[in-house]
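Before any comments, here is the structure.
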Amino acid sequence: IANPNHCIEEWIDNRVNIIFAEQFQNWEISDENYLVRRSEWSINFLRELADKEFSPPRGQSRYDKGVLLTYLAQILVDGGDMEVYQCMAHWGTKIGHDASLACGRLVLGYQRLWPGKVRIYKKAHSWIRDSALTNNL
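First residue of the sequence shown: 1, per the UniProt record's numbering; consecutive thereafter.
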């Protein structure tokens, strides 16, 4: 239990099907802790994300959190496919792994709520505990 004074229900948002949280120390979105409503949209999202294991972007590990960020950008933002492609084509070979993180965040922008789809909680405003800040305790 990270904080016995809070319940997971505090972070449930009935407007969305999947809830993610930002990592505290970087641009990443946690792929280790997320909340999922059982829905057709969620099932399709998770299946398509799982399929990315077999076709990761060039220069990335199939376990890379950048894959999650770029996938979110592609499905949540109108024209996100093309924006991610153009960004990765320009920056992918220059900065490698960090390109997927940067491109995903660039395309997602500051928006944190896509009704019926996804919500992303800001750093330090969710249920997750970042082990980098708590020395893995």
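Glycine residues also receive a C-beta, built at the ideal position from the N, C-alpha and C atoms.
Quantities reported herein were computed from a predicted structural model and do not represent experimental measurements.
Alpha-carbon spacing of residue i relative to residue j, whole angstroms
i	j	result
K65	R38	23 Å
Y121	S100	20 Å
I1	C87	With a pLDDT of 49 at I1, under the threshold of 50, the modelled position of this residue cannot be trusted, and the question is left open.
D98	G109	16 Å
G79	C7	37 Å
E32	F24	13 Å
S42	V36	7 Å
A50	W114	21 Å
F45	P4	31 Å
Which of helix, strand or coil DSSP assigns to residue i
i	result
A73	helix
Y121	strand
F20	strand
W27	coil
H6	coil
W114	strand
Cβ-Cβ distance between residue i and residue j below 8 Å
i	j	result
V84	A102	no
I19	R112	no
W27	W127	no
N17	G104	no
K123	E22	yes
L76	I29	no
K52	Y34	no
Exposed unless 16 or more other CB atoms sit within 10 angstroms - verdict on residue i
i	result
F54	exposed
E40	exposed
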